[in-house]
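Undergrad: With our numbering, letter number 105 in the sequence shown gets 152, and the count goes up by one each step, no holes.
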Amino acid sequence: MLDAVTIVGASLAGFWAAETLRRDGFDGPVVLIGEEPYAPYDRPPLSKKYLAGDLDDDRLDLVSADRLADLDLDLRLGCRATGLEVTSRTLEVDGIAEPFDGLVLATGARCRTLPDTEGMAGVYTLRTRG
48 MLDAVTIVGA
58 SLAGFWAAET
68 LRRDGFDGPV
78 VLIGEEPYAP
88 YDRPPLSKKY
98 LAGDLDDDRL
108 DLVSADRLAD
118 LDLDLRLGCR
128 ATGLEVTSRT
138 LEVDGIAEPF
148 DGLVLATGAR
158 CRTLPDTEGM
168 AGVYTLRTRG
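(1) Does DSSP put A128 in a helix, in a strand, or in coil?
(2) Short check: CB of L124 to CB of A86, under 9 Å?
(3) With H, G and I counted as helix, E and B as strand and the rest as coil, what does DSSP make of R176?
(4) Report the rounded CA-to-CA distance for D163 versus R127, giving the unit in angstroms.
(5) Name the one or two DSSP bridge partners that G169 has.
(6) From L131, L79, V133 and G149, pick the residue whose C-alpha is nearest to that of D119; which is it?
(7) If you count every other CB in all the chains shown that lies within 10 Å of the CB of V140, and 16 or more means buried, which is it?
(8) Look up L49 in the DSSP assignment and say whether it is helix, strand or coil.
(9) So, helix, strand or coil for W121, using DSSP?
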């Protein structure tokens, strides 16, 4: 039985992993690590209403601040996981080795850019809120 769970990736998949743990009765510590400084948010609207200016920033959040607080997560936003040592069960977060019991890797993906398009007018790469 796991005593604690660390989730790397604070976007949709990471959030739902945490939500599912709580819904299924897990009451141990759940650490949610995200590289961005934002609480979990919905990415698809970034390329639609948000980019067009038709959606406020706070409408991107997956859940309300109250619901997020109810989940009792140890949110580590703005932190970067850069290493994993499976044998010793440690995760490097911002240069510090932290032990873990259970681990979920939900890091998502990075945007691919086309050659010679960086900085080109009218060409956007959408993956993050910031």
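The C-beta atom is built at its ideal place from N, Cα and C for all residues, glycine as well. As the structure is a computational prediction, the values presented were derived from the model and not from experiment.
TA: Answer, in terms of the structure:
(1) Three-state result, A128: strand.
(2) Taking 9 Å as the Cβ cut-off, L124 and A86 qualify as a contacting pair.
(3) For R176, the predicted structure reports a pLDDT of 49, less than 50, and the residue's modelled location is therefore unreliable. The matter cannot be settled from this model.
(4) Rounded to whole angstroms, D163 to R127 spans 28 Å at the Cα level.
(5) Looking at the DSSP assignment, G169 forms no beta bridge with any residue, so it has no partner.
(6) When only C-alpha atoms are compared, the closest one is L79.
(7) V140 counts as buried, since at least 16 other C-beta atoms from the protein chains shown sit within 10 angstroms of its C-beta.
(8) Of the three classes helix, strand and coil, the one that applies to L49 here is coil, per DSSP.
(9) Before going on, a small fix: residue 121 reads as Asp here, not Trp. Assigned with DSSP and collapsed to three states, D121 falls in strand.
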